[in-house]
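Right, one structure below, let's go through it.
Protein chains: 2
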Amino acid sequence: MGITKTDLFTEEQNAIAQMAKVLGHPARVAILQYLVKSNTCINGDLVQELGLAQATVSQHLRELKEVGFIQGTIEGVSVCYCINPEKWAEFSQLFGEFFENYFVAQKSNCC
Amino acid sequence: MGITKTDLFTEEQNAIAQMAKVLGHPARVAILQYLVKSNTCINGDLVQELGLAQATVSQHLRELKEVGFIQGTIEGVSVCYCINPEKWAEFSQLFGEFFENYFVAQKSNCC
DNA sequence: TTCATTCATCGTAATATTGCAATGTAATAA
DNA sequence: TTATTACATTGCAATATTACGATGAATGAA
């Protein structure tokens with residue numbers, strides 16, 4: 001079928017999956033790392049940096065924006081992108097807790 | 112096209128993306144959370160727990176196993192799955208650093 | 001106004017993912 | 001041996017993703 005059965009899972013599980021899915025492409029990871037380093041950038045910078053077509057970069061930026069990782073503001077003829085601090089903190093915590101739960105609960109090791 | 116151009120990105124970026132991609136489905140998140148809670152489980156447990164067909168669960172388990180999140184050992188007629196502690200720690204750190212880099216580098220806020 | 005720049009969106013081709021029924025395989029039970 | 005149980009694998013249909021050329025919209029410059 002190709003369609004994910006989100007109704008079978010908790011909101012948290014779907015939220016984690018949605019975020020992870022967006023991180024699940026190296027171009028989007030690269031965009032975020034570039035933004036962390038440079039604070040802001042415009043689409044054109046990333047086209048140079050990544051070596052992907054402008055339309056492709058624009059599409060990745062949209063996905064990052066849709067889940068909230070980044071925000072963009074129109075600045076004259078270009079669009080200035082940067083990381084959304086609140087969302088970044090929220091995602092960081094969500095992932096952090098997800099991984100941490102294992103270390104907290106860790107019991108006898110495996111089968 | 113439909114094929115990711117991994118050669119454009121660093122090994123770290125591809126590694127993060129690969130891990131994130133596997134976490135990018137709520138069923139796989141649910142499986143990991145279930146394993147964190149119960150320490151071990153077999154395929155049949157998850158079919159009950161998730162409400163997906165046996166073949167589908169098996170496929171998700173394979174993906175989790177391929178990147179190293181979990182390991183499975185044959186135990187008589189069934190297969191016992193559990194979290195791979197080393198990989199879990201590795202992934203936890205990789206994600207942790209990815210998010211932490213922002214808090215360390217944080218400058219003037221955005222555009 | 002006209003042109004150039006910057007970016008988003010549309011349309012499309014290639015490929016990947018999701019989900020399941022059907023079937024295959026291996027181990028144990030009868 | 002035959003049957004059963006527990007999974008994996010195969011094959012397929014539906015859908016999603018990736019990438020890009022072409023085009024559209026908005027801004028600023030000439």
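In the order they appear, the protein sequences are chains A and B.
Letter 34 of the first sequence, counting from 1, is numbered 34 in our numbering, and no numbers are missing.
Take any residue in the second sequence, count from 1 to its spot, add 111: that is its number in our numbering.
The beta carbon of each residue, even a glycine, is placed where N, CA and C say it ideally should be.
In chain order, L161 place their CB closer than 7 Å to the CB of A141 (chain B), counting only its own chain and leaving out the 5 sequence neighbours on each side. Identification of chain B residues near N14 (chain A) by a Cβ-Cβ cut-off of 7 Å yields P137, ordered along the chain. By the Cβ neighbour-count rule, G72 (chain A) is buried, with 16 or more other Cβ atoms within 10 Å of its own. Annotation: A131 (chain B) to G76 (chain A) spans about 35 Å, alpha carbon to alpha carbon.
Distance from the CA of C152 (chain B) to the CA of C193 (chain B), rounded to the nearest whole angstrom, comes to 7 Å. Taking a 10 Å sphere around the C-beta of F9 (chain A), we find 16 or more other C-beta atoms and assign the residue as buried.
Between the segment 162 to 178 of chain B and the segment 62 to 71 of chain A there are fewer than three inter-stretch CB-CB distances shorter than 8 Å, so the stretches are not counted as touching.
Q71 (chain A) is bridged by DSSP to A:C82. Note that the C-beta distance between N154 (chain B) and L134 (chain B) is not below 8 Å.
At a cut-off of 8 Å between beta carbons, S189 (chain B) makes no contact with chain A.
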